[in-house]
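Report on one structure; see the data block that follows.
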Amino acid sequence: MSTPQLRQVLAAAAVGAGLTLQAGPPGAITAPEALSAATDWGLANPDADTRAGVVVVLVDGLGWRQLQERRGHAPTLRAWLGDAESTPGGGVARTCAPSTTAAALTTLGTGALPGVTGMVGYSVLNPRVGRDLPGDTTPDAAQNLCLITWEGTAPDPRRWQDVPTVFERLAAGPRAAGPTSLAVTIGPARFAGSGLTEAALRGPAHLGADRMEDRPALAAGALERGVPLVYLYVGELDHAGHRHGWRSQQWLRQLERLDATMAELLRRVPTGTRVLLTADHGMVDTDAAHRLDLTAHPALARDVVAVAGEPRFTQLYVPHSDPEAAAAVADRWRSVLGERAAWVGTRREAAGLLGPVGERAESVLGDVLVAMADNWVVVDPRVHSESAIAMPGVHGSLTDTEMTVPLLLARA
50 MSTPQLRQVL AAAAVGAGLT LQAGPPGAIT APEALSAATD WGLANPDADT RAGVVVVLVD
110 GLGWRQLQER RGHAPTLRAW LGDAESTPGG GVARTCAPST TAAALTTLGT GALPGVTGMV
170 GYSVLNPRVG RDLPGDTTPD AAQNLCLITW EGTAPDPRRW QDVPTVFERL AAGPRAAGPT
230 SLAVTIGPAR FAGSGLTEAA LRGPAHLGAD RMEDRPALAA GALERGVPLV YLYVGELDHA
290 GHRHGWRSQQ WLRQLERLDA TMAELLRRVP TGTRVLLTAD HGMVDTDAAH RLDLTAHPAL
350 ARDVVAVAGE PRFTQLYVPH SDPEAAAAVA DRWRSVLGER AAWVGTRREA AGLLGPVGER
410 AESVLGDVLV AMADNWVVVD PRVHSESAIA MPGVHGSLTD TEMTVPLLLA RA
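Next up, the structure:
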């Protein structure tokens, strides 16, 4: 069995819950792919007359390594880990590149890779700015579109990211009992109608619960009403990791909260419910000694007219998006960074990482992409805020710590 992929999770859960996945566009997960994953993971039960519901728990920032190292503080998840480690897949999955929330949640929500959806980073060059920037342009945050917040002059997220979500492709299965809704999402109330939700997870009703501990009751209530598929988001670990680092006591307290919440979820949901827990990315801790300031390195700053992405996966734009200039910039960055970079390549070389680069991604993707190794970051005070530069917990690159996430199955 091949390593499970994050892009398979939501579709496999839907099929495992007895729903039908209708045809999607090229690059999106297909119904046979979803059924194969559901069968491999023990979600599909074709001999059953009825099927219990499935809850997909997405824990933002909970990498496999983080969970393994802190499993002693999470007895519920430790038991799920023990069950998973005895299975062929070992309880792990691979997220997409870049390993960042906007890209990964859209890959989860659509079953398509970032090159297809265009959700290729935390921020990108705003498509309304355009790629034809002259050589005297100075990088500035105002050039960028944040794919988390969609603030400022931004396109309609539904129209710009128009790959249909898994939720939009669902239909009741042949043995469905006829629920009033096929799926719901659960998370902070402010997520309803947000730019990222509209781009990545649009379709179902959103049930708002700002406290992590209040979400299991909403999930149980939906399942009891006959809703077969529930998506439950947990973002508290990611917030703590960004602010304090994932090795901090603050992060550990959020892991303990998560563990108690998962125990409560299993107690509340109807018997037979499957809970599938995964994450969008892992995290590494960095420090001032591992930050490269772009403005302090003239060789790196040369011919760079815009900077987007994130410090672990930087996107650089060259004058007029000239391919020869991009190749020269990529060569200089490889030479200067050396082993501090995991990968440096041009937009034309990006398909190997991001999946097929379609028109949407082509319009915003950096001319040069820089994925950092170990715990190195690239920052630019013209683009990044002081708090972003000082952030101890980071992600986005290609290391196993960031790319490998849990895939744990529990049954009520």
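The sequence shown runs 50 to 461 under the numbering used here.
Note that beta-carbon positions come from the ideal geometry of N, C-alpha and C, so glycine has one too.
- In this structure, the CA atom of Arg-302 is about 49 Å from the CA atom of Asp-371.
- The shortest CA-to-CA distance from Trp-425 to any of Thr-150, Trp-392, Gly-415, Gly-76 is the one to Trp-392.
- By alpha-carbon distance to Pro-74, the top candidate from Asp-211, Gly-112, Gly-110, Gly-138 is Asp-211.
- By the Cβ test, the region 406 to 413 is not in contact with the region 429 to 444, since fewer than three Cβ pairs between them sit closer than 8 Å.
- Boundaries of the alpha helix (DSSP H) harbouring Asp-449: 449 to 452, taken from the DSSP string.
- Non-local beta-carbon contacts of His-433 in its own chain, meaning distances under 8 Å to residues more than five positions away in sequence, involve Ala-190, Pro-360 in chain order.
- The continuous stretches of beta strand (DSSP E) do not include Ser-412, and DSSP gives it neither H nor E.
- Runs of the alpha helix (DSSP H) spanning 4 or more residues and lying entirely within the region 79 to 141 occur at 80 to 89, 113 to 118, 124 to 134, in chain order.
- Sorting His-293, Val-58, Gly-179, Trp-382 by C-alpha distance to the C-alpha of Pro-368 places Gly-179 at the top.
- A distance below 6 Å between beta-carbons, with the five flanking residues on each side excluded, links Thr-363 to the following residues of its chain, in chain order: Val-419, Val-427.
- Closest by C-alpha distance to Thr-327, out of Gly-242, Val-353, Leu-116, is Leu-116.
- Two segments are said to touch when three or more pairs of C-beta atoms, one from each, lie closer than 8 Å; by this definition the region 380 to 389 does not touch the region 190 to 205.
- If you draw a straight line from the Cα of Leu-256 to the Cα of Val-105, it comes to about 14 Å.
- Sorting Thr-52, Leu-174, Cys-145 by C-alpha distance to the C-alpha of Val-356 places Leu-174 at the top.
- Its chain contains Leu-55, Leu-111, Gly-112, Trp-113, Val-141, Ala-142, Arg-143, Thr-144, Thr-327, Ala-328, Asp-329, His-330, Gly-331 as the residues whose beta carbon lies nearer than 8 Å to that of Val-454, once the 5 sequence neighbours on both sides are disregarded; these appear in chain order.
- Under the DSSP definition of a beta bridge, Asn-193 partners with Leu-174.
- Taking 4 residues as the shortest admissible run, the region 223 to 290 contains the following complete alpha helix (DSSP H) segments, listed from N- to C-terminal end: 244 to 249, 264 to 273.
- Taking 7 Å as the cut-off, the beta carbon of Gly-358 is found closer than this to the beta carbon of Gly-170.
- The residues Ala-146, in chain order, have a CB closer than 6 Å to that of Leu-402 in the same chain once the five nearest residues on each side in sequence are set aside.
- When only Cα atoms are considered, Met-421 and Leu-341 end up about 11 Å apart.
- Taking the Cα of Arg-381 as reference, the smallest distance to any Cα among Trp-90, Ser-148, Ala-249, Val-353 is reached at Val-353.
- In this structure, the alpha-carbon of Leu-59 lies about 41 Å from that of Glu-373.
- Here DSSP, grouped into helix, strand and coil, assigns Glu-200 to coil.
- Residue Trp-129 holds the alpha-carbon nearest to the alpha-carbon of Arg-323 among Trp-129, Ala-123, Ala-83.
- Contact holds between the region 242 to 249 and the region 146 to 156, because three or more Cβ pairs, one in each stretch, are under 8 Å apart.
- Here the alpha carbon of Thr-448 sits roughly 17 Å from the alpha carbon of Glu-118.
- When the five nearest sequence neighbours on each side are left out, the beta carbons in the same chain lying within less than 6 Å of the beta carbon of Thr-186 are those of Val-354, in order along the chain.
- By the criterion of a C-beta distance shorter than 7 Å, Ser-230 is surrounded in its chain by Pro-253, Ala-254, Val-276, once the five residues flanking it on both sides are discounted.
- In this structure, the straight-line span from the alpha carbon of Ser-384 to that of Val-413 is close to 26 Å.
- Excluding its 5 nearest sequence neighbours in each direction, Ala-266 has C-beta neighbours in its own chain below 7 Å: Arg-317, listed in chain order.
- In the DSSP annotation of this structure, Leu-326 is not part of any alpha helix (DSSP H); the continuous beta strand (DSSP E) holding it starts and ends at 323 to 327.
- Secondary-structure assignment with DSSP links Trp-392 through a beta bridge to Ala-420.
- Taking a 10 Å sphere around the C-beta of Ala-337, we find fewer than 16 other C-beta atoms and assign the residue as exposed.
- Listed in chain order, the alpha helix (DSSP H) elements of length 4 or more contained wholly in the region 351 to 393 are 372 to 386.
- For the set Tyr-282, Ala-93, Glu-217, the Cα lying nearest the Cα of Arg-239 is the one of Tyr-282.
- DSSP places Arg-208 within a helical segment (H, G or I) once states are collapsed to three.
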